[in-house]
Structure formats: C-alpha cells, structure tokens
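Each number in this note's numbering comes from the position in the sequence shown (counting from 1) with 39 added on.
Notes follow once the structure below has been shown.
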Amino acid sequence: MIALGADHGGFELKEAIKKHLEDRGIGYIDCGTYSPESVDYAPIAKATCDRVVSGECEKAILCCGTGIGISIAANKVKGIRAACCSDYFSAKYTRLHNDANALCMGGRVVGTGLAIELVDVFLDTEFEGGRHQRRVDQITAIENSK
Numbered sequence: 040m041i042a043l044g045a046d047h048g049g050f051e052l053k054e055a056i057k058k059h060l061e062d063r064g065i066g067y068i069d070c071g072t073y074s075p076e077s078v079d080y081a082p083i084a085k086a087t088c089d090r091v092v093s094g095e096c097e098k099a100i101l102c103c104g105t106g107i108g109i110s111i112a113a114n115k116v117k118g119i120r121a122a123c124c125s126d127y128f129s130a131k132y133t134r135l136h137n138d139a140n141a142l143c144m145g146g147r148v149v150g151t152g153l154a155i156e157l158v159d160v161f162l163d164t165e166f167e168g169g170r171h172q173r174r175v176d177q178i179t180a181i182e183n184s185k
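Right, dumping it as structure tokens:
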C-alpha cells in the first residue's frame, strides 16, 4: 500500500500517479488534496507520512510545485527518509543506498511521463543494505538524538 499526498501544485501529478498505480494493481491511500484549490503542503505531508510510520503503508509519494517544500516537511516526520527526485538515477539510488521511504516530486518540474518512470524505479528498487545500512543507522541516530 502506498500513501499519496499533494498540495495544489502537485495535484495533477498525484492524480496521474493514482491512475498509474491502479494500472499496476498497486493499492494506495489518497491523503489529499482532492482538488487544485490552494492548500498548505505541510499538513498533507504529515498525514501522508504518518501512514508510512504507522505501518499502514509501505512508502509515500508526495508532490508539490517543486517537490522541495513537501520533502522538507516530510523529513520532519520521525522515521521518514524523503527524497526529492527529478531524475531516474536519483530515484533509484535513494532506494538502493538510502532506503528512502518517501519519493517527492514537483508538479511544475517533472512531467507526467518522467514522474511515472520515477515512481516505478522507486517502488521496484530494493534497499541494498550492507555498508549502506550503517549510514541509514547514522541518520536514524541523528533523528533520535533530538
């Protein structure tokens, strides 16, 4: 199960991603927004990421105008490793090396075709572990030291 969230700047991209997930037979929970009307991204990022942290969803996909604001907000949720990606290599390696559990994209930056490719590589790539686990553990230690 994938948690989806977007503000108005990422609404159209989120809707395209929903259709793609349906086509692939992947379940999702849409955490909003539900229209292109202006909304703030931080509460949507929290609601979406809370679904991942609780275990209800495996990963999150978040969209705003640039992908940056919603990724900053997502990374404030304990247990989330969100990456703002606009290229295939970054989307793949954030899973392989960082075990990212939230993909963030900009609806005004990434076109639908590329976004679908990024979603697919993000969802289909497993974490390598090994030496990378130590680094993820260091990130978690920083998060837990607050």
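The C-beta atom is built at its ideal place from N, Cα and C for all residues, glycine as well.
Minimum C-alpha distance to residue i - residue among the options
i	options	result
P75	K85, G48 and A84	G48
Y132	S77, L162, V116 and R147	L162
I119	D176, D79, T151 and G104	D176
H136	H171, S125, R147 and D159	H171
C96	D138, A42, I155 and S77	A42
C103	G169, A180 and R147	R147
V116	G66, F50, P82 and S125	P82
V207	G44, G169 and V158	In the structure as shown, the chain starts at 40 and stops at 185, and residue 207 therefore has no counterpart that could be examined.
F50	I181, I109 and D159	I109
R134	A112, L157 and G64	L157
D89	S77, G169, I181 and C70	C70
G80	Y127, G168, A130 and A112	According to the sequence displayed, residue 80 carries Tyr and not Gly. Answer by Cα proximity: A112.
I68	S77, E182 and K57	K57
Under 8 angstroms between C-beta atoms of residue i and residue j
i	j	result
A84	L101	yes
G106	G145	yes
A154	A55	yes
S125	V149	yes
Per-residue DSSP class, three states only, for residue i
i	result
I65	coil
I83	helix
I119	coil
C88	helix
G106	coil
G48	helix
Cβ-based neighbour list, residue i, same chain, cut-off 6 angstroms, excluding 5 preceding and 5 following
i	result
D138	F166 and V175
C123	G106, I107, S110 and C143
K53	L43, A45 and C102
Sequence-distant residues of its chain with Cβ nearer than 8 angstroms to residue i (five each side left out)
i	result
G66	M40, I41 and L60
7 angstroms Cβ shell around residue i - same chain, five flanking residues per side excluded
i	result
N114	A121
N140	V91, K98, A99, I119 and R120
**Report entry** Runs of beta strand (DSSP E) wholly within the region 129 to 155 (minimum 3 residues, chain order)
**Finding:** 141 to 145
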